[in-house]
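Numbering (our numbering), first residue to last: 97 to 379.
Ideal Cβ positions, reconstructed from N, Cα and C, are used throughout, including at glycine.
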Amino acid sequence: MPTIEVVCPSGLQGTVRGLRGAELDLFANADAVRNNRVTSQILAACWSGSPSSSPVYTKMGDTIKWDDVLVADRFYTIFKVREATRGEIYTPTLRCVGVGSCGHKFKTDFNLNDLEVFDLPQETIDSLAAGVNEFKFHVNEATVYNQVLFGKDEAKIEKNKKLTPEELATTSMVSRILRVEIPAHCLPTGKGSPYRSLGDGDIKVLAGADLRTWIRSLDASDWDLVRDGLEAVDGGIDTEVCVTCPKCGNEIEGDLPLDPAEFWMRKKQDASSKRKGRRASRG
């Protein structure tokens, strides 16, 4: 079975192999797939390497604990396990959506190695190595305090998969924000205010439901500032892609779909061609 040398966004180094039958069996447990347990199990089974290769994990000991590994490193490693299992070409099912779309379903090939990879900034590595997972940036007069996520944080987000895409996007963003400090004059007050527990003082601290309310109230340009601020201290793979619908020519932009059934399993046409070959050989 092929193996691949891996250098993760944090500098974590190791070797991964492809899935075996035991790991493929994990996908039969739908609850485990939904709750993200399968990811940690696959990583533990297919990885070989010491966590000490990255300053972020020097206190972890000799055995890597994937729930305590950065989401950026986990995501990158999973892509490499997939490459070792099925190769670098991934053929998901897409649907033509958006303005002027025709709704056509189609498949297209992506080379996973063509996706852009972002290393974890050295500032973030140094901070995490010192035991500090708090960063900050500004959006107008607001100061946003944020963190980078680990595997155990990712599992909490996965529990919200039943949310709409819009709600899930907000939840994902909120999970990376610790709190927001904002001058009182920037927020609506009094009767009818959507904020619940701002307290007294010139500077208000938003967390929990109030933080979610603030995120959802941002206009598009400020939303982008928050997203850029969060990504500035993180690493990983850019999965945003743009393809053209083969039926109507509409350009479709969005995240690469990563349905487990398509991401890990053999392409149906590959299996079908082998069966056809057997029938043809019988004359």
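Apply the 10 Å Cβ neighbour rule to residue 226 and answer buried if 16 or more other Cβ atoms are within range, or exposed otherwise.
Taking the first residue of the sequence shown as position 1, residue 226 is located at position 130. So residue 226 counts as exposed.
When we look at the beta-carbon of residue 378 and count the other beta-carbons within 10 Å, is it buried (16 or more) or exposed?
Taking the sequence shown and counting its residues from 1, one reaches residue 378 at position 282. Unreliable placement is indicated for residue 378, whose pLDDT of 44 sits below 50; no coordinate value is reported for it.
Tell me whether residue 238 is buried or exposed, calling it buried when 16 or more other Cβ atoms sit within 10 Å of its Cβ.
Here residue 238 corresponds to residue number 142 of the sequence shown, with the count starting at 1. Residue 238 is buried by the Cβ-count criterion.
Could you compute how far the alpha carbon of residue 369 sits from the alpha carbon of residue 334?
By one-based count along the sequence shown, residue 369 stands at place 273. By one-based count along the sequence shown, residue 334 stands at place 238. Since pLDDT at residue 369 reaches only 48, below the 50 mark, its modelled position is unreliable, and the value read off the structure follows with that caveat. Distance between the alpha carbons of residue 369 and residue 334: 33 Å.
Nearest-angstrom Cα distance between residue 109 and residue 155?
What you label residue 109 is simply residue 13 of the sequence shown in a count that begins at 1. What you label residue 155 is simply residue 59 of the sequence shown in a count that begins at 1. C-alpha separation (whole angstroms): 16 Å.
Tell me whether the beta-carbon of residue 163 lies closer than 8 Å to the beta-carbon of residue 136.
One-based indexing of the sequence shown puts residue 163 at position 67. One-based indexing of the sequence shown puts residue 136 at position 40. Yes, these two residues count as a Cβ contact at 8 Å.
Simplified DSSP assignment, three categories, for residue 153:
Locating residue 153 in the sequence shown gives position 57, counting from the first residue. Residue state, collapsed to three classes: helix.
Closest to residue 243 by CA distance: which of 272, 233, 253, 218 is it?
Numbered from 1 along the sequence shown, position 147 holds the residue referred to as residue 243. The residue with the shortest Cα to Cα distance from residue 243 is 272.
In whole angstroms, what is the alpha-carbon distance linking residue 315 and residue 246?
The residue you call residue 315 lines up with position 219 of the sequence shown. The residue you call residue 246 lines up with position 150 of the sequence shown. Roughly 29 Å separates the two Cα atoms.
CA-CA distance, residue 280 and residue 313?
Numbered from its first residue, the sequence shown carries residue 280 at position 184. Numbered from its first residue, the sequence shown carries residue 313 at position 217. In a straight line, the C-alpha of residue 280 is about 15 Å away from that of residue 313.
Check residue 238 in the structure and name its three-state DSSP category.
Working through the sequence shown from its first residue, we reach residue 238 at position 142. In this structure, residue 238 counts as strand in the three-state DSSP scheme.
Would you call the segment 110 to 127 and the segment 185 to 204 in contact, with 3 or more CB pairs under 8 Å?
no
Helix, strand or coil for residue 267? Go by DSSP, reduced to three states.
Stepping through the sequence shown from its first residue, residue 267 is reached at position 171. In the structure shown, residue 267 sits in a helix (DSSP, three-state: H, G or I).
Given residue 202 as reference, the closest of 344, 362, 99 once Cα atoms are compared:
By one-based count along the sequence shown, residue 202 stands at place 106. For residue 202, the nearest C-alpha among the options comes from 344.
Rounded straight-line distance, which links the Cα of residue 166 to that of residue 348
If you number the sequence shown from 1, residue 348 lands on position 252. If you number the sequence shown from 1, residue 166 lands on position 70. Near 30 Å, if we compare the C-alpha coordinates of residue 166 and residue 348.
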